[in-house]
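A short write-up of the structure that comes next.
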Amino acid sequence: MKQITLLLIAALSIFLFACEGPEGPAGADGIDGNANVKSVTFTVYPQNWEYGSGLYVYDYPTDLLTQSVVNNGSVHLYLAMDNDVWLALPYYTLGYGIAIGSLGIFTEGDATSTISVFKLVAIDGTPSSYNYPVDFNNYEEVEEYFKLID
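361 is the number that the numbering used here gives to position 37 of the sequence shown; each next residue is one higher, with no gaps.
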């Protein structure tokens, strides 16, 4: 009896929800996104740095750095400071380099004694796309212009 009741409820549900009615009005367009702009936030702990050739280095593997981004795009790295401020790199003794699938961060020392939070922004594109009307030294402006979501 229990199985028949469940079968009847299932059949009734399919019948009620399978009906087609008139198509409703189209919804409003959403905000355009930037499929060619991606970002990631990551943390580097003091023990993650490796020392060699006079520098401390941290290698961050990432699939954001594709061959297209490395060859034709733009890559920007920011360091979290106090009061939710993002500092654009390079900065004094802190810099970075890129390769396909990898971001290398390097410093002469002081930054390796604390936990550091970085934000990587990778923009895929063509060489002509470098003329964005945005100050890449100001992360908040970059975030607003490209509508980045953390």
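Don't be surprised by glycine CBs; every beta carbon is placed ideally from N, CA and C.
Can you look up THR436 in the DSSP assignment and give me helix, strand or coil?
Walking along the sequence shown from the start, residue 436 turns up at place 112. Helix, per DSSP.
Any idea if PHE366 is buried or exposed, counting beta-carbon neighbours within 10 angstroms, 16 or more meaning buried?
Along the sequence shown, one-based indexing puts residue 366 at 42. Result: exposed.
Outcome for ASP448 when other beta-carbon atoms lying within 10 angstroms are tallied against a minimum of 16
To locate residue 448, count along the sequence shown from 1; it is residue 124. Classification of ASP448: buried, given that the 10 Å Cβ count is 16 or more.
Once you ignore the five residues that flank PHE430 on each side, which residues in its own chain have a CB closer than 6 angstroms to its CB?
As a position in the sequence shown, residue 430 is number 106, starting the count at 1. Excluding sequence neighbours, PHE430 sits near LEU379, VAL381, GLY419.
In the DSSP output, which residue or residues are listed as bridge partners for SER363?
Reading the sequence shown from its first residue, position 39 is the one you call residue 363. Residue pairing by DSSP puts SER363 in a beta bridge opposite VAL445.
For SER426, the first and last residue of its enclosing beta strand (DSSP E):
As a position in the sequence shown, residue 426 is number 102, starting the count at 1. Residues 426-431.
Could you check which residue in TYR402, THR417, LEU427 has the C-alpha nearest to that of VAL441?
Residue numbering aside, residue 441 sits at position 117 when the sequence shown is read from its first letter. Ranked by how close their Cα comes to the Cα of VAL441, the residues TYR402, THR417, LEU427 have TYR402 in first place.
In the DSSP assignment, find the unbroken alpha helix (DSSP H) run with GLU465 in it and report its ends.
As a first step, residue 465 must be located in the sequence shown, where it is residue number 141. 463-470 is the extent of the alpha helix (DSSP H) around GLU465.
Helix, strand or coil: how does DSSP classify SER392 here?
For this step, residue 392 is matched to residue 68 along the sequence shown. If DSSP states are grouped into helix, strand and coil, SER392 belongs with the helices.
Could you please give the first and the last residue of the uninterrupted beta strand (DSSP E) stretch that includes SER398?
For this step, residue 398 is matched to residue 74 along the sequence shown. From DSSP, the beta strand (DSSP E) with SER398 extends over 398-404.
Nearest CA to the CA of GLU464: which residue from GLY421, MET405, GLY433, SER437?
For the purposes of this step, residue 464 is taken as residue 140 along the sequence shown, with counting starting at 1. When C-alpha distances from GLU464 are compared across GLY421, MET405, GLY433, SER437, the shortest belongs to MET405.
Which residues mark the beginning and the end of the beta strand (DSSP E) in which GLY419 is found?
Stepping through the sequence shown from its first residue, residue 419 is reached at position 95. Per DSSP, GLY419 belongs to the beta strand (DSSP E) from 418-423.
For PRO346, which three-state DSSP category applies?
For the purposes of this step, residue 346 is taken as residue 22 along the sequence shown, with counting starting at 1. Per DSSP, reduced to three states, the secondary structure at PRO346 is coil, with no helix or strand assignment.
Just verifying my parser: in three-state terms, what is the DSSP assignment at ASP408?
Along the sequence shown, one-based indexing puts residue 408 at 84. Assignment of ASP408 by DSSP, reduced to helix, strand and coil, places it in the helix class.
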